Amino acid sequence: MSWMFKRDPVWKYLQTVQYGVHGSFPRLPYPTFFPRFEFQDVIPPDDFLTSDEELDSVLFGTLRGHVVGLRYYTGVVNNNEMVALQREPNNTYDKNAIKVNNVNGNQVGYLKKDLAIALAYIMDNNLAQVEGVVPFGANNTFTMPLQMTFWGKEENKKAVLDHLKKHGFKLGPAPKTLGFSLESSWGSGRAGPSYSMPVHAAVQMTTEQLKTEFDRLFEDLKEDDKTQEMEPAEAVETPLLSHQKQALAWMISRENSKELPPFWEQRDDLYYNTITNFSEKERPENVHGGVLADDMGLGKTLTAIAVILTNFHDGKPLPVERIKNQLKKECKECDVNQESVKLGRNSASENADGRSKEVEGSGCNEEPSISHIKKNKHSILEFFSSQPKRRKMAAQYIESSDSEEIETSELPHKIKGKLKNAQSETKRLKGASFMDSSKKTDVEERPRTTLIICPLSVLSNWIDQFGQHIKSEVHLNFYVYYGPDRIRDPALLSKQDIVLTTYNILTHDYGTKGDSPLHSIKWLRVILDEGHAIRNPNAQQTKAVLDLEAERRWVLTGTPIQNSLKDLWSLLSFLKLKPFLDREWWHRTIQRPVTMGDEAGLRRLQSLIKNITLRRTKTSKIKGRPVLELPERKVFIQHITLSDEERKIYQSVKNEGKATIGRYFNEGTVLAHYADVLGLLLRLRQICCHTHLLTNAVASSGPSGSDTPEELREMLIKKMKLILSSGSDEECAICLDSLTVPVITHCAHVFCKPCICQVIQNEQPHAKCPLCRNDIHGDHLLECPPEELACDSEKKSNVEWTSSSKINALMHALIDLRKKNPNIKSLVVSQFTAFLSLIETPLKASGFVFTRLDGSMAQKKRVESIQCFQNMEAGSPTIMLLSLKAGGVGLNLCAASRVFLMDPAWNPAAEDQCFDRCHRLGQKQEVIITKFIVKDSVEENMLKIQNTKRELAAGAFGTKKTNANDMKQAKINEIKTLIDL
DNA sequence: ACCGCCGGGTGCC
DNA sequence: ACCGCCGGGTGCC
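For the first sequence, counting from 1, position 321 maps to 321 in full-length UniProt numbering; every step adds exactly one.
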């Protein structure tokens, strides 16, 4: 197979073109640490999710067939409309049954039986995806033709062809009409083939051609006007910067937009989807929201706050009286009621333009049981027009009645049944929103509350920013739904203006049997901060988010769509953009076409992105000036030479390890001993910092099998600590986020406790480890005992403190800096918290005032630490000891203008993120970063690998590394580089 | 005629 | 469905 583009590289390219290379490097989550398992367990967690996706589908061929039974179903299609084939194994008439549905999921009919027999096997065994288009005859009464396209993995092609042959079918070639259409096949008025999927087109285009094509597409993008500015509501205290006013204007225009969503247009009295050729009477809702994907530090939080206050309801800002008349506060209840009266009236007036259909629908759709429906005589006869006998029977009956309207229940049984069938379906069409609206009518008020969901790490940031950016006299009902005492009362929550919570709380509530208050409310607006949190479609967290009801939906993210189109799909499904809610349509119309380099697909993707996302980087320009005029950022590498004694220890550990690992190389079992390799590398990195760190290191020994439970426990806890302290950028494979409350399973995989508990609960009674499918039990999860961490540092203080080459260099630099300018604040960053502890001693000795921030600190202490450091008063700390991954992306430490990075990180993006904590909005000084790197050591080798990763991330075009073997080799090479083998 | 042919009844899976 | 298919009625030309 020679597709030129794997999906990820294409997507990364799209990203780099639109967003610029600067700022966000796609996350490269390795080295990853999964002891004792073969390589497939070691590849980044993202990849285990893709198993159900046909990443390397090829076109097997096409087949013409028929859809039958049209008259029994209400789903309608247009000519050239795409349809979905759905197996129905429990059909009582035929276990091979295959339903044919239109884009909306309404059944159109069935695949003809003989064809279904052949296809059922193929579909059930996932040998091919079969996709259908109705080329013509969409208005037929009984049957219609169906053009099917078969896609699948190359290795399944033969099986599919053979199987079809056995049943007398033979695939044809791709029809010539489905060429590589350069003319726009969507957006035009024609109902031409909207979907071009050439078999060979992708390979015929050269890289150069495609690149030019990409560039042209993004040229168009730049012309798109998102430069309108808007002043925020009076209630917003902080003046907005230009780019924030633009975002405000764009976001509010999206919230109030009455336009059709992308790819929809009105044709006569129908709404028409130009990608699928689907049409329907009901106006598709536009997404009243989107993705704000600005770079970190451009003020997404402030912008979001401005949106909340400025588009408070019905396109109007937070009413002034609520700002000024704070005295009325005691009559809150009354205030709320007044509000809802006002809202009620306004929503009624909206009916005039047909937007609030649910209001109309809820009352009058109350129909009696179907058998009592009155039917017009003529319509009955018409229904039986092609069934003369029934028609005659109906006619006879009807003639005996005087009235124009017929009680259907009194019709002869034989025709009543048929009629009933047809009726219920008509109703389904007409009242599609009927069920939804009736469900909630009794308590329904116009939603007023904005729900903000963020990772715990930025919760306090949100609270702070609300405090900072909203005028103090403004009265807002604001509730932080967090902590064990959170009030789980929907009535209370829905009276708030803003509810703030975390993903974990949301997920926890959702998973708890019983009702989640967050899910029983219809929100005015849901804002997801760090929206990539929902990029794993299988995660419970994602499901909890997708199940929220809201009128307006926003995703804030600084790392836009990190790795693939799939991530974008997760966001789209949150935004509920038709028709992409169903993965099939997303896959057929965008994901695969783009993956294969099809231009129509690219255009769609581009159009989509243009429509729903706003993205500025730090280097984006407004009227020729950068959005953010940040002072320069300079990175220096300071080489360190180890002392003789340090070098001796380093060499001995290295030689010993090298011998062992060399043996693994010879045996070809490097990756099986990945834990050992990582352990060695960790020890070497520790020695580079301070030889005392070594005492902390764990000799990684696999379980011998004869361990006592206590030994096993010890071993697992040690492993987990190794993983957590190794700085190997470990993530929870379930939520794909940093580990919160890490626990280790007996199979030695580490997850967030809430995540894995969720899995266990869902899969009970026989839960399996998501990574290795070994049995897991809730009781067997081991938590990291926090007191032991404290003990460790105690223990160390018993050992007499000595310095190290790196500490010497740091102290020298700090003292030097203090001499030059005592007011400059510095961040001292390490991945090893024990190292930070060691650094404390000389800092104290030299009279530095410092503070500390690391992952083990309680939320409250962190906030204190940050505030203390950011404070510019005399006597405030000038140094912060910071663990590399502490704090979320929102962490603002712009009081510092120096960074001393004590040890290199595996992932350059992690370093960048760390630097950005002070190199961000609010930074007035030049930022100088010093990276301490020990000469002739693993650290230097790590720099090499960082560079490779940087290049890979930036120029991902044309490099394909999705292949497991390639990655395996890459990893082996990486290890070789690291320990100079 | 254990056929052919006719024409009515009928119709997804 | 202005089809195909089924099964009953029927049977020289």
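Where a beta carbon is used, it is the ideal one built from N, C-alpha and C, also for glycine. None of the values given here were measured: they were computed from a predicted structure.
| task | Indicate the three-state DSSP secondary structure (helix, strand or coil) for Arg-818 in the structure shown. | result | Three-state result, Arg-818: helix.
| message | Could you give the first and the last residue of the continuous alpha helix (DSSP H) run that contains Glu-584? | response | Its alpha helix (DSSP H) spans residues 583–586.
| query | Tell me the DSSP bridge mates of Gln-266? | reply | Per the DSSP secondary-structure output, Gln-266 pairs in a beta bridge with Tyr-271.
| task | Classify Ile-933 as helix, strand or coil using the three-state DSSP reduction. | result | If DSSP states are grouped into helix, strand and coil, Ile-933 belongs with the strands.
| task | Sort out for me which residues DSSP pairs Trp-523 with in a bridge. | result | In the DSSP output, where bridge partners are listed per residue, Trp-523 has Ala-550.
| Hey, His-532 and Asp-567 are a contact pair by Cβ (cut 8 Å); roughly how many whole angstroms apart? | With a contact defined as Cβ atoms closer than 8 Å, His-532 and Asp-567 qualify at about 7 Å.
| Range covered by the beta strand (DSSP E) that runs through Gly-289 | Gly-289 -> beta strand (DSSP E) spans 289–292.
| message | If I follow the unbroken beta strand (DSSP E) through Cys-752, where does it start and stop? | response | That run of the beta strand (DSSP E) goes 750–752.
| Does DSSP put Lys-971 in a helix, a strand or coil? | Note: Lys-971 maps to helix in three-state DSSP.
| Boundaries of the beta strand (DSSP E) in which Pro-742 is found, first to last residue | Here the beta strand (DSSP E) through Pro-742 covers 742–744.
| query | With C-beta atoms as the reference, is Val-67 less than 8 Å away from Gly-105? | reply | No; because the gap between Cβ atoms is not below 8 Å, this pair is not in contact.
| message | If you measure between the beta carbons of residue 1000 and Gln-541, is that distance less than 8 Å? | response | Residue 1000 lies beyond the residue range present for the chain, which begins at 1 and ends at 981; the question has no answer from this structure.
| query | Within 10 angstroms of its Cβ, does Pro-785 collect 16 or more other Cβ (buried), or is it exposed? | reply | Per the 10 Å Cβ criterion, exposed.
| said: Let me check understanding here. Comparing Cα to Cα, which of Leu-565, Ser-516, Gly-558 lies closest to Val-545? | reply: Checked all of Leu-565, Ser-516, Gly-558; the closest Cα to Val-545 is Ser-516.
| task | Taking 8 Å as the threshold, find out whether the stretch 624–640 comes into contact with the stretch 593–603 through three or more Cβ pairs. | result | In short, these stretches do not touch, since the Cβ pair count stays below three.
| field | Through-space distance from Asn-504 to Leu-298, alpha-carbon basis | value | Using only the alpha carbons, I get a separation of about 26 Å.
| 8 Å contact criterion, which Val-291 and Val-555 should meet: CB distance rounded | About 5 Å separates the beta carbon of Val-291 from that of Val-555, a gap short enough to meet the 8 Å contact definition.
| request: Could you tell me the distance, in whole angstroms, from the CA atom of Val-938 to the CA atom of Ala-659? | output: Roughly 16 Å separates the two Cα atoms.
| request: Check whether the Cβ atoms of Gln-259 and Tyr-271 lie closer than 8 Å to each other. | output: The displayed chain sequence assigns Glu, not Gln, to residue 259. Contact: no.
| said: Could you tell me the alpha carbon to alpha carbon distance between Leu-684 and Tyr-650, rounded to whole angstroms? | reply: CA-CA distance, Leu-684 to Tyr-650, rounds to 6 Å.
| message | Please report the distance separating the alpha-carbon of Gln-867 from that of Arg-603. | response | Each residue's alpha carbon lies about 47 Å from the other.
| message | Quick check on DSSP: helix, strand or coil for Gln-562? | response | Any answer about Gln-562 is weak, because its pLDDT of 46 lies below 50 and its placement is not dependable; what the coordinates show is given next. Note: Gln-562 maps to coil in three-state DSSP.
| task | Report yes if the C-beta of Ser-520 is less than 7 Å from at least one heavy atom of the ligand COA; otherwise report no. | result | With respect to the ligand COA, the structure offers nothing, as it holds no ligand at all.
| Given 8 Å, three or more beta-carbon pairs between the stretch 914–930 and the stretch 310–318 | Using a Cβ-Cβ distance cut-off of 8 Å, the stretch 914–930 and the stretch 310–318 are not in contact, since fewer than three pairs of beta carbons, one from each stretch, lie closer than that value.
| Count the other CB atoms within 10 Å of the CB of Met-872; is the residue buried (16 or more) or exposed (fewer)? | Exposed: under 16 other Cβ atoms inside 10 Å.
| request: Kindly indicate which residue of Gln-870, Thr-595, Lys-621, His-469 has the alpha-carbon position closest to the one of Lys-226. | output: By alpha-carbon distance to Lys-226, the top candidate from Gln-870, Thr-595, Lys-621, His-469 is Lys-621.
| Which one or two residues does DSSP pair with Ile-98 in a beta bridge? | DSSP lists Arg-87 as the beta-bridge partner residues of Ile-98.
| field | Stretch-stretch touch, CB-based, cutoff 8 Å, three pairs: the stretch 916–927 with the stretch 667–681 | value | With the cut-off at 8 Å, the stretch 916–927 and the stretch 667–681 do not touch.
| Alpha-carbon to alpha-carbon, Trp-801 and Leu-838 | Rounded to whole angstroms, Leu-838 to Trp-801 spans 8 Å at the Cα level.
| task | Specify the secondary structure class of Asp-41 as computed by DSSP and reduced to three states. | result | Any reading at Asp-41 is ruled out, since the residue's pLDDT is 26, under 50, leaving its predicted position unreliable.
| query | To the nearest whole angstrom, what separates the beta carbons of Gly-511 and Gln-761, a pair I think is in contact under 8 Å? | reply | Contact flag correct, Cβ pair sits at about 6 Å.
| task | May I ask which residues mark the beginning and end of the alpha helix (DSSP H) holding Leu-492? | result | It spans 490–494 - the alpha helix (DSSP H) in which Leu-492 sits, taken as one unbroken run.
| Residues of its chain near Asn-96, where Cβ-Cβ distance is below 6 Å and the 5 sequence neighbours each way are ignored | Excluding positions up to five away in sequence, the list reads Ala-116, Ile-117, Ala-120.
| query | Does DSSP classify Val-829 as helix, strand or coil? | reply | Residue state for Val-829 is assigned as strand, using DSSP reduced to three classes.
| field | Residue nearest to Met-82 in terms of C-alpha spacing, selected from Thr-613, Ala-813, Trp-586, Asp-816 | value | With distances taken between Cα atoms, Met-82 lies closest to Trp-586.
| So, are the CB atoms of Gly-657 and Ile-975 less than 8 Å apart? | The criterion of a C-beta distance shorter than 8 Å is not satisfied by Gly-657 and Ile-975.
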